[in-house]
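Beneath this line is the structure, given in structure tokens, with notes to follow.
Chains as they are written, first to last, in this note's numbering: chain Z, 257 to 739; chain G, 30 to 280.
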């Protein structure tokens, strides 16, 4: 999370009339009054860290790691010199940093889940057996029934796949070797925060030469704790191995808190391939401040496919450090900012070796007063040879009040590199909507078709079930956006 | 048999009156042609009937089988059987022709009903073959990067698939070369029949050589000033629009 430092343009126009006034924007925002077995209370002090570490029965080194991270967090200012001032509304003293229900089952029932949420699950086509879990009434997603065969297969191949809390206990050496190496604690204020209070997230190790045929999903290992705000994921794919990992889902995410700050570290050894797919649909009050980065060794390939929908503010710039010769990095990102939402997303590509290649394709959609920002860093230093970057940012505006900004920072030094940057802004015009309506589509159907058309080439890169859900999700988002 | 009845229609764009009292009844099975010089309100009138938000109907009524459609949204009018073949069809990037027409057909089904995909493609390919449209076209985005002729053929394809009761065809002949004109005209002729009422809006007689209308109307200054059969079009072609103007001034 250290994108370029261009100053933010100040909005010139007076506050526009809210075109969506009166619409219920909080449809996917729901929570329960729950009593937790473990609750670190509000605010963040060294005592909070000790509480978390004790509950998790952690080793001394990790407790130290957390305490150090807390100091770093406190010493770092909010990055408001380049990011939105909106961050200042976060009150760190009022946030709960650790909640866990322990081993017990949640006390709420399916009957308590609001009807509109049930309806949304239905319309998104979320499988029956996943709904209860997603609604927070099942603590553990019943992975055995749905995915046990896949799990058996990967275990036979020697793949380690578990909760990061378990991994710290069961594979401390492997974990420690890579943990915090791709994204150091001091990378930014929120990576420091995560390092201090992290909980949940996945740990995956794929042995050399193993090609994991099925995408692994965060669903497998998720439990009440993983719904926590500070997930920590570490994935190591050894030489010549391949992995696709998917996290999130299109269903509105059950959330007990407003600040989510995850850290995801990927390591692709020589000739390895990692594809990391994220689809997230946050409640509109959530701050989603995430640091994601991969380290690609020689001839390795890391691809981030990232889809951000919902939240109040999302700041996320997946990156790839191209450390070995011929390493390849790619970020494909789709962001949809509806009324009252700000999607500040982008990518980072740091070239550190000859003949490294990076590609960034970003598409954003701003609806109503939604705002989307692309920020990117591409750095190719002078001493390297034969590096390539291609950056493409397209923005779609629906409604005159929406806003989009693009801050691409591409630094290329030296004579033997090739860099390309393309950007476009387009609008869904009244004529286009009328044309589609004339063919019998409702205004909302016309809008979603236009939006789906805009992201169509990127959605095709998602696994089938995700792209279908994504299309439905866009339909739902658009439905709420036309009066 | 259904009819669309346009009664004393007045249409304004902003404060400016464009159509000033137009009356016309089109029955299913009939082909009408409206001719007239530029700027007399031909396109305005057809867009107003389709429900374009920029066009305000200030007076008069439009009825299908005695029911006014003016309170309906553009999509409701479309589903009621009105089709507008656009003079300048809109581009929809990223949305393939196959998906677009499919969505439009799906929108005509009841809640919970799903369009049969196999039957749909069979029908689509048959229509494309008869309009001499390459099958590769189905995966191209609607009108995106199309030539003038391709756009017009795409309009006719949509019309053939959606099977409207009343089609308003706004200068469908403009921008077509002779071959494209023939293919498009054959397509329209092919659809001609007891279930379809057609209104052709055109400047030129040449389209009417291919599609012989049952009625010809001359529009001038927002009104129909003269009606007749196909011979009126020929007379108009021979004498020019000034003839109508002079005649109108004399009366």
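Idealized CB from N, CA, C, for every residue including glycine.
With 8 Å set as the bound, which would you pick, yes or no: does the beta-carbon of residue 718 of chain Z sit closer than that to a beta-carbon of chain G? no
CB-CB length for residue 191 of chain G against residue 162 of chain G, believed under 8 Å: Not confirmed; about 16 Å, so no contact.
Between residue 638 of chain Z and the rest of its own chain, which residues show a CB-CB distance below 7 Å, the 5 nearest in sequence each way excluded? 669, 670
Helix, strand or coil: how does DSSP classify residue 397 of chain Z here? Only weak support is given to the placement of residue 397 of chain Z: the predicted model assigns it a pLDDT of 42, under 50, and the value that follows is read from those uncertain coordinates. Residue state, collapsed to three classes: coil.
Kindly confirm or deny that the region 648-657 of chain Z and the region 612-624 of chain Z touch, where touching means at least three C-beta pairs closer than 8 Å. yes
My output table needs one value for residue 210 of chain G: the three-state DSSP class, helix, strand or coil. helix
Would you call the CB atoms of residue 253 of chain G and residue 214 of chain G closer than 8 Å? no
Using a Cβ cut-off of 8 Å (strictly closer), state whether residue 247 of chain Z contacts chain G. As shown, chain Z starts at 257 and ends at 739. That puts residue 247 of chain Z outside it, with no answer to give.
List the residues of chain Z that residue 217 of chain G touches, going by C-beta distances under 7 Å, in chain order. Going along chain Z, no residue has its Cβ under 7 Å from residue 217 of chain G, so there is no contact; the nearest lies around 18 Å.
For residue 349 of chain Z and residue 331 of chain Z, the rounded distance between their alpha carbons: 15 Å
Close-in-space but distant-in-sequence residues of the same chain around residue 439 of chain Z (CB under 7 Å, 5 per side omitted): 447, 519, 521, 547, 549
Check whether the region 603-619 of chain Z touches the region 722-730 of chain Z, taking contact to mean three or more Cβ pairs, one atom from each stretch, closer than 8 Å. no
Check whether chain Z comes within 8 Å of residue 104 of chain G, counting only Cβ atoms and requiring the distance to be less than that. yes
Apart from the five residues on each side of it in sequence, which residues of its chain come closer than 7 Å, Cβ to Cβ, to residue 702 of chain Z? 689, 692, 693
For residue 734 of chain Z, report the span of its beta strand (DSSP E) as first-last. Unbroken run through residue 734 of chain Z is the alpha helix (DSSP H), 720-735; no beta strand (DSSP E).
For residue 378 of chain Z, write down the residues that DSSP places opposite it in a beta bridge. Beta-bridge pairing links residue 378 of chain Z to no other residue.
Taking only beta-carbon atoms, is residue 713 of chain Z less than 8 Å away from chain G? yes
Is residue 644 of chain Z near residue 674 of chain Z, with beta carbons less than 8 Å apart? yes
On a Cα-Cα basis, can you pick out the residue from Z/443, Z/455, Z/336 that is closest to residue 354 of chain Z? Z/455
Within the chosen definition, does the region 80-99 of chain G reach the region 57-72 of chain G through at least 3 CB pairs nearer than 8 Å? no
Closer than 8 Å, CB to CB, is residue 191 of chain G near chain Z or not? yes
Tell me residue 416 of chain Z's beta-bridge partners as DSSP assigns them. Z/461
Helix, strand or coil, according to DSSP, for residue 276 of chain Z in the structure here? With a pLDDT of 35 at residue 276 of chain Z, under the threshold of 50, the modelled position of that residue is not reliable, and the figure given next carries that caveat. Reduced to three states, the DSSP call for residue 276 of chain Z is coil.
Beta-carbon proximity check, residue 635 of chain Z vs residue 607 of chain Z, cutoff 8 Å: yes
Going by DSSP, what residues sit across from residue 665 of chain Z in a beta bridge? Z/633
Within the 8 Å Cβ cut-off, does residue 43 of chain G reach chain Z? no
Between the region 140-158 of chain G and the region 193-205 of chain G, can you find at least three pairs of beta-carbon atoms closer than 8 Å? no
Of all the residues that make up the region 96-121 of chain G, which are near chain Z by a beta-carbon distance shorter than 9 Å? 102, 103, 104, 105, 106, 107, 108, 111, 112, 113, 115, 117, 118, 119, 120, 121
Exposure label - residue 202 of chain G; buried when at least 16 CB within 10 Å: buried
Taking residue 33 of chain G and residue 91 of chain G to be in contact with their CB atoms under 8 Å, please state how far apart those CB atoms are, rounded to whole angstroms. 7 Å
Residue environment, residue 188 of chain G, which counts as buried when at least 16 other CB atoms sit within 10 Å: buried
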